[in-house]
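Visitor:
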Amino acid sequence: MRNVDALDARILLALDADPRATTVALADRLGLARNTVQARLKRLEESGQLGEHSRRVAPAGLGYPLLALITMSISQRVGQPTQEAILRIPEVVELLVTTGDGDLLARVVARDTEDLHRITNLLLEAPGVVRSNTTIVLLEVQPFSVRSLLERHAGP
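In the numbering used here, the protein residues as written are 2 to 157.
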């Protein structure tokens, strides 16, 4: 995977500022050729460096205002089937393999605490899940964003 360079970062910042901007509008704003912007955006998408548009959708707008982080300890012999079973649960919006007290960390959205209880039980039914620890998020102070990193990377 090729790293994002300063020009890529400038394009991504412009796109972050106006997500609906056309390639032509981005090129005009940045003083670049349309083909340059188009080629770089295509490369960033194909390499996985430009994420899915669905990341911008707020789960609360879909009826899932509760956010929880669930750490799970799993049997080391199961691994992949455990992850596959967990990923079949639609309310699991992110799954990370971690070190420390747990093996997996799931970002989970729920309608309310009763719904969270149902989801937690589904997680515990996944093959290999030994135990879980749930933390309910009270306030999201800084949602996921790499804008400050892009600004640093883009340079002056």
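Note that CB positions come from ideal geometry on N, CA and C, so glycine has one too.
1) Just to confirm the assignment: which complete beta strand (DSSP E) runs, minimum length 3, are found wholly within the segment 67-128?
2) Going by DSSP, what residues sit across from R3 in a beta bridge?
3) If you count every other CB in all the chains shown that lies within 10 Å of the CB of D104, and 16 or more means buried, which is it?
4) What number of angstroms, rounded off, separates the C-alpha of L88 from the C-alpha of N36?
5) Can you give me the start and stop residues for the alpha helix (DSSP H) that S149 sits inside?
6) Taking the C-alpha atoms as reference points, what is the distance between Q39 and S149?
7) In whole angstroms, give me the CA-to-CA distance for M73 and R112.
8) Mark D29 as exposed unless 16 or more other C-beta atoms lie within 10 angstroms of its C-beta, in which case mark it buried.
9) Give me the Cβ distance between G129 and T100, rounded to the nearest whole Å; I'm assuming they're in contact under 8 Å.
Guide: According to the structure shown:
1) Whole beta strand (DSSP E) segments, 3+ residues: 67-75, 93-98, 105-111.
2) Indexing the sequence shown from 1 puts residue 3 at position 2. As far as DSSP is concerned, R3 takes part in no beta bridge.
3) In the sequence shown, counting from the first residue as 1, residue 104 sits at position 103. Burial is judged here by how many other beta carbons sit within 10 angstroms of a residue's own beta carbon; D104 has at least 16 and is buried.
4) Translated into the one-based positions of the sequence shown, residue 88 becomes position 87. Translated into the one-based positions of the sequence shown, residue 36 becomes position 35. Looking at the two C-alpha atoms, the distance is approximately 38 Å.
5) Indexing the sequence shown from 1 puts residue 149 at position 148. That run of the alpha helix (DSSP H) goes 148-155.
6) Within the sequence shown, the letter at position 38 stands for residue 39. Within the sequence shown, the letter at position 148 stands for residue 149. Cα to Cα, the separation comes out at about 23 Å.
7) As a position in the sequence shown, residue 73 is number 72, starting the count at 1. As a position in the sequence shown, residue 112 is number 111, starting the count at 1. Those two C-alpha atoms are separated by around 21 Å.
8) In the sequence shown, residue 29 corresponds to position 28, counting from 1. For D29, the number of other beta carbons within 10 angstroms of its own is below 16, and it is reported as exposed.
9) In the sequence shown, the residue the question calls residue 129 occupies position 128. In the sequence shown, the residue the question calls residue 100 occupies position 99. Not really, about 17 Å apart at Cβ, beyond 8 Å.
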